[in-house]
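These notes concern the structure reproduced below.
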Amino acid sequence: MDTILDFFLQPYADATPLSIFIEVTAVTFGLLSVIFAKKGSIWVYPTGIVSTMIYVFICYKVGYYGDLIINIYYTIMSVYGWYLWSHITEGKMLSITWCTKKDWITTLLITVFTMIFTIGIYLYFHKFESWLNYVDVLTTGLAFGSMWLMAKKKVENWLGWIVTDVISVPLYFAKGLGFTGIQFTIFLILAWQGYLIWKKDAEPRKTVTLQ
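In structure tokens form, the structure reads like this:
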């Protein structure tokens with residue numbers, strides 16, 4: 048038990064109370080955002096924006112540029128998703144639906160382009176220093192694609208988050224961001240619950256959409 052506690056607390060040995068408070072605040076709003084997302088509540092976006100803006104600052108301070116890019120993108124996509132979820136088209140709000148072939152192609156292009164772009168950022172700043180950076184490239188691409196699907200209210204966004212969270216949990220612990228590692232562990236559980244809830248909601252409207 049002491050070994051586990053040391054592993055979790057050691058990265059915070061030299062951290063100031065303010066820096067710990069900032070990370071805990073980001074984690075709290077991040078958890079609230081995913082809880083609202085699971086429920087299909089538009090509050091996913093304002094709470095998410097608070098969390099991602101704080102993480103932009105945190106990632107800049109510790110030099111994790113892939114994560115910094117992710118959170119800038121999260122913030123922008125949260126504004127876009129907020130608009131889509133609140134916008135009424137033809138008298139109806141945006142509904143939870145399944146991906147079409149076009150959605151999958153768009154998501155793949157976003158994911159691949161993001162990974163290439165992130166590699167370019169790392170090379171520019173000469174930051175390919177460990178295996179963590181390469182994994183960071185992968186999670187950045189997956190997260191970009193998943194966030195776009197969430198903005199479009201596609202059920203499959205949760206599958207993307209599940210894969211991203213499975214990779215991110217050990218990644219954040221390895222980076223020394225223990226509170227964030229715990230956050231992503233909870234994210235993983237909530238993502239699976241969110242998938243089941245959204246799947247059930249979309250099932251009655253499911254049609255053959257692969258055209």
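Numbering of the sequence shown is given in the working numbering, commencing with residue 48 and proceeding in unit increments.
Don't be surprised by glycine CBs; every beta carbon is placed ideally from N, CA and C.
Note that the structure is predicted; figures quoted are calculated from it, not measured.
Subject >> M124 and A198 closer than 7 angstroms at C-beta >> reply: yes
**OP:** Provide the residue(s) that pair with K201 in DSSP beta bridges, ordered along the chain.
**Re:** T144
**OP:** Could you pull out every residue in the same chain whose Cβ sits closer than 8 angstroms to the Cβ of V159, ignoring the five residues on either side in sequence?
**Re:** G188
Original post:
Taking contact to mean at least 3 C-beta pairs separated by less than 8 angstroms, is the region 198–208 in contact with the region 136–151?
Top reply: yes
Subject >> Candidates K86, W90, S98: closest to V74 by CA position >> reply: S98
Subject >> Spatial neighbours of Y219 in its chain, beta-carbon cut-off 7 angstroms, leaving aside the 5 residues before and after >> reply: T227, G228, F231
Original post:
Does DSSP put K259 in a helix, a strand or coil?
Top reply: Residue coverage of the chain in this structure runs from 48 to 258, which leaves residue 259 outside it and unanswerable.
**OP:** Keeping to the same chain, check which residues put their C-beta closer than 7 angstroms to that of T211; ignore five residues upstream and five downstream.
**Re:** T186, L189, A190, S193
**OP:** Report the three-state DSSP secondary structure of D61 (helix, strand or coil).
**Re:** coil
**OP:** Answer yes if the region 170–179 comes into contact with the region 115–122, meaning at least three C-beta pairs across the two stretches below 8 angstroms, and no otherwise.
**Re:** no
**OP:** Compute the distance between the beta-carbons of Y92 and W151, then report whether it is under 7 angstroms.
**Re:** no
Original post:
Going by C-alpha distance, which of E70, T72, G95 is nearest I82?
Top reply: G95
Original post:
From G77 to P251, what does the alpha carbon distance come to, in whole angstroms?
Top reply: 30 angstroms
Original post:
What is the DSSP secondary structure of F68, reduced to helix, strand or coil?
Top reply: helix
Subject >> Residue-chain proximity (M162, chain B), Cβ-Cβ < 7 angstroms >> reply: Absent from the structure is chain B; it holds one protein chain and no more.
Original post:
Between which two residues does the alpha helix (DSSP H) harbouring S177 extend?
Top reply: Taken as a continuous stretch (DSSP letters only), S177 belongs to no alpha helix (DSSP H), as it is neither H nor E.
Subject >> Euclidean distance between Cα positions of D248 and I214 >> reply: 27 angstroms
Original post:
Which residues in the same chain have their Cβ closer than 6 angstroms to the Cβ of W208, if we skip the five residues on either side of it in sequence?
Top reply: S193, A238
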